[in-house]
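**Student:**
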Amino acid sequence: MKKNLFYLFVLICSMSVFTACKDDEEPEVPPTIEDVVAEYSGDNLKLVVEGVENVAQDAKIELAKSDASDKVTIVLFNVVPGVNEFKIPNAEFAVITKSIYASTLKGEVSDNVSGYNVKVEGTVDEKVLTANVTLTEIEGDTVNMTSFYKNVYKGNMDINVSNIPNPVTMEQRVYISKPYSYKMEKRDTAMVKLAIKNFAFEGIELGDITVDTIPVVKRGEVYAFGAEARTLKLQDPIGEVIADLNGTIIGEDMTLKLNIDALGLKVKVDFQGGIVVESQTINMEEMKIESAAILEQKKTGTTTLTLKIWDNTPDKDLLLTPSYKVTDKGSVEYILVHVAGKDDVRLTQDQIDGKQPIDFSVLKGSDDYIKYHMVAEDPNTTKDFIIKIERFATTMVFDMKEWEDKDPVGLTSSNGAASLLPIMGIIMPEEPTAPVVKANDGSARITTFKTLTKDGSSPSLVPAITAGTLFNGAFSIDITNTLKSTKFGLPYNKKPTKFSFTYKYTPGSPVYQSVKKEDGKNYAVLVEDKNEDQCSIAAYLFEVSSYDESLDGTNINTSDKVILKAELTDGTAKSDYQTVIADFKETGNGSYDATKKYKLAIVCTSSKWGDQFMGADLSSLYVKYLAVE
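For the sequence shown, numbering that gives the first Met the number 0 assigns the number 0 to the initial residue and increments by one for each residue that follows.
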C-alpha cells in the first residue's frame, strides 16, 4: 500500500508545470519564491507556444516577486504576438514534494490591448524553466472609425535595426486618415490609413510611410489595429519592403509597432504618443515690400509674388527688406536665392528676421527667384512662397534677327491660335505653314489665310478669313472671341515721339469678309468695294490703372484710353523694302502725364481690316525692323 501511494505522488509531481531547482539529493528546506526569481533564456528556457517549440530566438521569461508574498509575476518577452513585454501578475506559486522538493507556477491574464488571453504553466528544474504558453485571441467588436480620420498622434519613436547596436530615438507623428483601395466598392469605416510623413533615418530620406486599409476592432475601451505582410514603397535606396503592423488606441494615446524586412535587415519600430492638435495649413498672410523702385506687386494665388520694375533700375534700389506674417503659428524656416545656373544661396537669420536687406538685383531672368520655405505648426506641413521680378523694357526696338520658338524675340504672334486649326479640321497651306514665320531674307512674314475644312466646306468654329498678327504683348486663346486672344502692349515710361519700321507688302486679291449664316457656318463673302487687300503697322500709347491691363483686337482702334498713335498711312503693295518714320500724334483722348501709367503696343497685321475678319487669302506683310523713339 505504501508503495502505491509513493507512485501516485510521483505521478502528481510529473503533471506539475513549473519545477524548482533540485540537488543531487533531496533538499532539507523547500524552495521559496526567491529561489525561482530570475531571467530565463537560451539553454535555461524550454518554451512551447501553442504546441510549437522554440518560437522565437529572442524570447525570454522573467519571474519576479509580486506584491503578494505567495505570488510571482511572470513577464513574457517576445512571446505574445505584437507585444515585446507581457506581464501576468499574481501567478500562483506552490511547492510539492516527490523524491525531491518541487514548486509549481501558474498564471492567466486576458488583455484587451494585445487582444489575447494568455495562460502560462510550467516548471523550473535545475535552473531550467520549462514553460507552456496558451494564446486565445479575444474577438473584438466592429467599430466606426470616422471620428478618428483626422487625428494626429505625437510621441517618441524607437527604431532598432539588426546591424546597429543601439536604437535610434526620434520625435515623430502618426497620421490617421480615410482608407482607400480600388478593391473596395466603398470605403470601410472599420478601417483606417496610417502615415508617417517625411520619414528619415540615419540621414536617408525615405519619404512617407503609408499603410492603407488597416482593420480596426474594439475590445472594451481599446481600439486595436493590425496588418500583416504589407508591401510599403519607400524612396531609394530602400525601395519596397515588407512590414507587419499592429497597435492600439486607448483614449488619446496610441501605440504602434512595425516589423520591417528591408534589404536583408530586420527593423523594429516602436511608437508611443498622444493625440495632438496642430495646424496643418500655412500661408504667407502678409508680404510687404516698400520701395519706389517697385512699380507694381502682383500676387498669384497664395504662393507667388511678382515685383514689376523697369529694366534700368539701379541695383542699389533693389536692396529690399520685406516684412511678412505667416498664418496659423507657422514660421519661415529658411530663405533661398535661386539664380539659374548657380548654386542656391541660403540667407542669414538677420535677413530672415528682416534686420538686414535682401539683394533682389541678382534676379535677372524669368527663372530666378527668392524662396521663403515655410513650416506649419505641424512640421510635416511645408509650403514655399516665391518672389520673382519682372523687368519692363525702357526701349522698344525689334530687329527680327533673333527668334525664340516661333516668334521674334520680344514679340508675340497669332500662331498660338493657328496651331489649333488642324485640330478643328482646317486645311493649312504648305507655304507658309503659320500666320507668322521667319522668311528667307530674315524678316518676319505675316500672312492672311482663307480657311476651309478638309472636305472643302466652310468652317463653323473659326472665321473664314484670319489675318496674321505680330505684336508686343501676350497671346491667350479665347475661343469665344478670337480677337480678345491678342493682349496688346507692354509697360512704357516715356512719351514716344517717333515710330520707325522697315517693311514690304504683297497684297492678295480679291478681298473677302467672314460672315456667319443661318446654318452656323462662316462663309467667305466677296467684298465688292475693295479690289485689293492692305496691311497695317501702328504703335499705340494707352493709359492703364494697372500694368495687368491691356487692349485687344476688339478695341485697340476704338478705345478712348489711347492718347498717342503713330501708323503707316499707305498700306498698299510695296515690292521693295521701305523704311518709314511716323510721328506719334494725339488722338484727342488726353495728353501725356509722367505721373500716370502707360503701355505701348506695336501691332503689325497682313490685313488692315482683320479686326472685321476681312482680307485676302495669302496677303503677306514682311517686317524687318520696328523701333520707338
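In this text, a Cβ means the ideal position worked out from N, Cα and C, and glycines have one as well. Please read these numbers as outputs of a predicted model, since none were measured by experiment.
Measuring CB to CB, does S413 end up less than 8 Å from T485?
**Tutor:** In this structure, T485 lies closer than 8 Å to S413 by Cβ.
**Student:** Please report how far the alpha carbon of I248 lies from the alpha carbon of K341, in whole angstroms.
**Tutor:** Looking at the two C-alpha atoms, the distance is approximately 50 Å.
**Student:** Do you know whose CA, among V167, V627, I357 and Q296, lies nearest A537's CA?
**Tutor:** A537 has its Cα closest to that of V627, out of V167, V627, I357 and Q296.
**Student:** Going by the beta-carbon positions, is the gap between L525 and P506 smaller than 8 Å?
**Tutor:** No, these two residues do not count as a Cβ contact at 8 Å.
**Student:** Evaluate Q348 with the Cβ neighbour count: other Cβ atoms within 10 Å of its Cβ, from every protein chain shown; 16 or more gives buried, anything less gives exposed.
**Tutor:** The residue in question, Q348, is exposed, as its Cβ has fewer than 16 Cβ neighbours within 10 Å.
**Student:** Consult DSSP for T481 and reduce its assignment to one of helix, strand or coil.
**Tutor:** Three-state DSSP puts T481 in a helix.
**Student:** Kindly identify the DSSP beta-bridge partner or partners of M427.
**Tutor:** None; M427 has no bridge partner.
**Student:** Taking the continuous alpha helix (DSSP H) assigned at Q348, which residues delimit it?
**Tutor:** That run of the alpha helix (DSSP H) goes Q348 to I351.
**Student:** A417 by DSSP, collapsed to three states: which one?
**Tutor:** Here A417 sits in helix by DSSP.
**Student:** What's the C-alpha gap between S475 and I208?
**Tutor:** If you take the alpha carbons of S475 and I208, they lie about 42 Å apart.
**Student:** In whole angstroms, what is the alpha-carbon distance linking K497 and D404?
**Tutor:** Rounded to whole angstroms, K497 to D404 spans 29 Å at the Cα level.
**Student:** On the CB-based measure, 16 or more other CB atoms within 10 Å of its CB, does I236 come out buried or exposed?
**Tutor:** According to the sequence provided, residue 236 is Pro. The question's Ile does not apply to it. The residue is exposed, with fewer than 16 neighbouring Cβ atoms inside 10 Å.
**Student:** Alpha helix (DSSP H) containing D34: first to last residue?
**Tutor:** Here the alpha helix (DSSP H) through D34 covers I32 to V35.
**Student:** Does the contact criterion of 3 or more C-beta pairs under 8 Å hold for the stretch 151-166 versus the stretch 107-119?
**Tutor:** Flag = no, the stretch 151-166 and the stretch 107-119 do not touch.
**Student:** Any idea which residues DSSP pairs F633 with across the strands?
**Tutor:** With the chain covering only 0 through 628, there is no way to say anything about residue 633.
**Student:** Do you know how far the Cα of P378 is from the Cα of L233?
**Tutor:** Answer to the nearest angstrom: the Cα atoms are 20 Å apart.
**Student:** Verify whether the separation of the beta carbon atoms of L193 and V210 is less than 8 Å.
**Tutor:** The answer is yes: Cβ separation under 8 Å.
**Student:** Are the stretch 558-567 and the stretch 489-504 in contact at 8 Å, needing three or more beta carbon pairs?
**Tutor:** With the cut-off at 8 Å, the stretch 558-567 and the stretch 489-504 touch.
**Student:** To the nearest angstrom, how far is the alpha carbon of L319 from that of L620?
**Tutor:** Approximately 46 Å, taken between the alpha carbons.
**Student:** What number of angstroms, rounded off, separates the C-alpha of E284 from the C-alpha of K307?
**Tutor:** Approximately 20 Å between the Cα atoms of the pair.
**Student:** Looking at the unbroken beta strand (DSSP E) that takes in P214, where does it start and where does it end?
**Tutor:** From DSSP, the beta strand (DSSP E) with P214 extends over I203 to R218.
**Student:** Any idea what DSSP makes of G609, helix, strand or coil?
**Tutor:** Reduced to three states, the DSSP call for G609 is helix.
**Student:** Looking only at its own chain, which residues have a Cβ that is under 7 Å from the Cβ of N258, when we skip the five neighbours before and after it?
**Tutor:** Taken in chain order, the residues that qualify are A242, D243 and K267.
**Student:** Starting from the Cα of K354, find the closest Cα among K370, S322 and H337 and give me that residue.
**Tutor:** Ranking K370, S322 and H337 by Cα distance to K354 puts S322 first.
**Student:** Following the continuous beta strand (DSSP E) through V78, name the residue where it begins and the one where it ends.
**Tutor:** Looking at the DSSP string, V78 is not in any beta strand (DSSP E), and its letter there is neither H nor E.
**Student:** Compute the Euclidean distance between the alpha carbons of E585 and N471, then round it to the nearest angstrom.
**Tutor:** Approximately 21 Å between the Cα atoms of the pair.
**Student:** Apart from the five residues on each side of it in sequence, which residues of its chain come closer than 8 Å, Cβ to Cβ, to K287?
**Tutor:** So the qualifying residues of the chain are P321, S322 and Y323.
**Student:** So the beta strand (DSSP E) N258 belongs to, where does it begin and stop?
**Tutor:** Segment D252 to A261, the beta strand (DSSP E) holding N258.
**Student:** Give every residue of the same chain whose Cβ lies closer than 6 Å to the Cβ of G614, excluding the five residues on either side of it in the sequence, and list them in chain order.
**Tutor:** Around G614: T447, I464, A466, D532 and S606.
**Student:** Should M144 and A93 be called a contact, given that it needs their Cβ atoms to be closer than 8 Å?
**Tutor:** No, these two residues do not count as a Cβ contact at 8 Å.
**Student:** Which residues mark the beginning and the end of the beta strand (DSSP E) in which I288 is found?
**Tutor:** Where I288 is concerned, there is no enclosing beta strand (DSSP E), given that its DSSP letter is neither H nor E.
**Student:** What's the C-alpha gap between E129 and L46?
**Tutor:** Reading off the sequence shown, one finds Thr at residue 129, where the question assumed Glu. Computed Cα separation, rounded: 6 Å.
**Student:** Check the C-beta distance from T468 over to G609 and give it rounded, since I have them as a contact under 8 Å.
**Tutor:** So it is a contact: roughly 7 Å between Cβ atoms.
**Student:** Sort K515, D310 and V461 by Cα distance to A392 and report the nearest one.
**Tutor:** Here the closest residue by C-alpha is D310.
**Student:** Compare the Cα-Cα distances from N282 to each of I195, R345, I334 and M373 and report the closest residue.
**Tutor:** Of the listed residues, the one whose Cα sits closest to N282 is M373.
**Student:** Is it the case that the Cβ atoms of I385 and T301 are separated by a distance below 8 Å?
**Tutor:** No, these two residues do not count as a Cβ contact at 8 Å.
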